[in-house]
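Here's the structure we're looking at; comments come further down.
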Amino acid sequence: MQRVIQVGTGGRGEVYRDSAAYGFPGVVELVGLCDTNAGRIGQYQQVLREKGLEVPGFAPDRFEAMIREQKANWVVVTSRDNTHDDYVIRALNAGCDVICEKPMTTDTVKCQAILAAVKKTGRQVRVTFNMRYSPVRMQVKELLQSGVIGKILSVEFRWMLNTSHGADYFRRWHRNKVNSGGLMVHKATHHFDCVNWWINSVPSTVYATGTRQFYTPQQAERYGLTRRGSRCHGCPESARCPFYLDMAAYGHMKKMYLDQESHDGYFRDQCVFSPEIDIEDTMNLAVEYRGGVRMSYSLNAFAAWEGYEIAFNGTKGRLEHGAREGAGSVFGDGSTPGEVKGLSVRVWPLFGKPYAVVPADSTGGHGGGDERLMADLFRPDPPPDPLGLRADYRAGSWSILTGIAANISMRERRVVEVDSLVSGLALPDYPPAPAWDEPIPLPEKKPAS
Ligand SMILES: NC(=O)c1ccc[n+]([C@@H]2O[C@H](COP(=O)([O-])OP(=O)(O)OC[C@H]3O[C@@H](n4cnc5c(N)ncnc54)[C@H](O)[C@@H]3O)[C@@H](O)[C@H]2O)c1
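Quick note: my numbering has the sequence shown finishing at residue 452, numbered continuously throughout.
Shown next as structure tokens:
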């Protein structure tokens, strides 16, 4: 029996709470809940109580004591990004294996400290990249592995967050780099991880530019929102502002955040136009990978639609994949997070006819990734993993290094060598690459008539 302590009792943690508490009976047991906000722990306990379970809650200073008393052997970390390192390292030192939400951490000092703790303790850190587990992304991996476009030479990738989901990052703790590493780390860790995995490589250099030009006081002025408050709750402009979030209107959000403000003073509905925000909403990168692949990548957080488009150019052709996400939602409003729609996969062979591939069914939370990820984490007999979906601290580190390098590059206006950022980091385990460099037979030319 795996005995699990969970740190971080917010929105994302719920899927882990439910899986650990009653998703895998007889295999996994949830034996403790930790958070700086006692009210949010209480909310989790209430949900569990309704299912007949009593799970003790505790403050962060009792973390090691609770691991001992509860004889825990796993710790699940679903707290704010910049607190992950603290719990990962303390859990490892206390003799536990760790399951950590992305991003593994937010800067190079913390990343290096996690690497040292793994080395010292020899224990496991799984980093949970649910994006990989979405069937359509596995399908893209399979196609690339099959060699359908030959050796991959370059990648074009653009990600759009809309003014519903995207704006939410500018209301919450994510709005400050000290908490989240900015969207380059917090959000794009998913994207950079997938690219590393899709192309079986890791980044070597990054050049980035970035700015915040939409979620600004100037944009509020363009809308004529002159009487803004510092948060939505009680804002004099609430009737006019298109970004007004009424937490009280969503029962779940109200219970989880609005009703718990007295415990820590955290407001989940801060004004998206406030000058205190220091993350970018517009980012462009040029990334070079080991082995020579080049990628151009962009992330826009105020787009009119939400989704992404990616293209891989290879020695034998081009593979395009895209997804439109729903009209957009905010985390905790009752909608399915990260639902993907409008999927497309298309192969363009060089000198041949393009064809569409029927995209794999990817319904469910985060493109169907959540359910599959939970089964892979908690099932005692996880299925074979031919695509190398399971990620540990190495993939966790490589995925954040692109974004951390981008942050440095944006600040210092220079190309950043990724190898210089941390030491002693091995390559992730990727499935063997196909024989991408085999000779390519040319198509027969029709005789001139
Ligand atoms: N993989 C995904 O699809 C996905 C989606 C959303 C969030 N996430 C990740 O999940 C994590 C939680 O995000 P969320 O959306 O649930 O945020 P949230 O704000 O709802 O929850 C974060 C929780 O961490 C707690 N916390 C803050 N500082 C703490 C500390 N020092 N010690 C213990 N607890 C602390 C907060 O009180 C809060 O309960 C983040 O790392 C985020 O990046 C992943």
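Positions of the beta carbon are idealized from the N, C-alpha and C atoms, including for glycine. Computed from a predicted structure; not experimentally measured.
The C-beta distance from MET187 to ALA409 rounds to 5 Å, short enough to fall under 8 Å. Here the alpha carbons of ILE70 and VAL50 stand approximately 22 Å from one another. It is roughly 13 Å from the alpha-carbon of ASP284 to the alpha-carbon of SER277. In this chain, the alpha helix (DSSP H) harbouring GLN148 covers 138-148. In terms of Cβ geometry, VAL7 and VAL79 form a close pair [threshold 7 Å]. Under the Cβ criterion (8 Å, minimum of three pairs), the region 318-328 does not count as touching the region 212-228.
Note on the region 48-135: whole alpha helix (DSSP H) runs with a minimum of 4 residues are 66-72, 87-96 and 111-124, in chain order. The count of Cβ pairs closer than 8 Å, one atom from the region 264-278 and one from the region 156-164, stays below three, leaving the stretches out of contact. Per DSSP, the continuous beta strand (DSSP E) segment holding LYS344 begins and ends at 343-352. Judged by DSSP in its simplified three-state form, ASN179 adopts coil rather than helix or strand. The C-beta separation of ARG293 from VAL205 comes to about 6 Å, placing the pair in contact by the 8 Å criterion.
Distance from the Cα of ASN303 is smallest, within the candidate group GLU291, ILE313, ARG297 and ASN287, for ASN287. The continuous alpha helix (DSSP H) containing ARG414 extends over residues 396-415. Assignment of beta-bridge partners to GLY310 by DSSP yields MET163 and ARG327. Looking at the DSSP output, GLN9 sits in a beta bridge with LEU36 and VAL79. Taking SER233 as the centre and dropping the five residues before and after it, the same chain places the C-beta of GLN273, CYS274 and SER277 closer than 7 Å to its C-beta, in chain order. Within its own chain, the residues whose Cβ lies closer than 6 Å to the Cβ of GLY345, once the five positions on either side in sequence are excluded, are ARG327, listed in chain order. DSSP places PRO206 inside the beta strand (DSSP E), whose first and last residues are 206-214. With a cutoff of 6 Å, THR192 does not count as near ligand 1, since its C-beta is closer than that to no heavy atom of the ligand. With fewer than 16 other Cβ atoms from the protein chains shown falling within 10 Å of its own Cβ, LEU430 counts as exposed. By a beta-carbon distance limit of 8 Å, LEU428 contacts SER400. Their separation comes to about 5 Å. Placement of the Cβ of ASP84 at a distance of less than 6 Å from at least one heavy atom of ligand 1 is found. Excluding sequence positions up to five before and after LYS113, its CB lies within less than 7 Å of the CB of ASP88, all in the same chain and listed in chain order. Put simply, the backbone Cα of LEU36 is about 32 Å away from that of GLY237. SER299 is positioned such that its CB atom lies closer than 7 Å to that of ALA289. A distance below 7 Å between beta-carbons, with the five flanking residues on each side excluded, links GLU312 to the following residues of its chain, in chain order: ARG161 and GLY325. If only complete runs of 4 or more residues are kept, the region 232-310 shows the alpha helix (DSSP H) at 254-259 and 264-267, in order along the chain. DSSP, read as helix, strand or coil, puts VAL158 in strand. Of the candidates ASP422, ALA191, SER183 and ASP196, ASP196 places its Cα closest to the Cα of LYS144.
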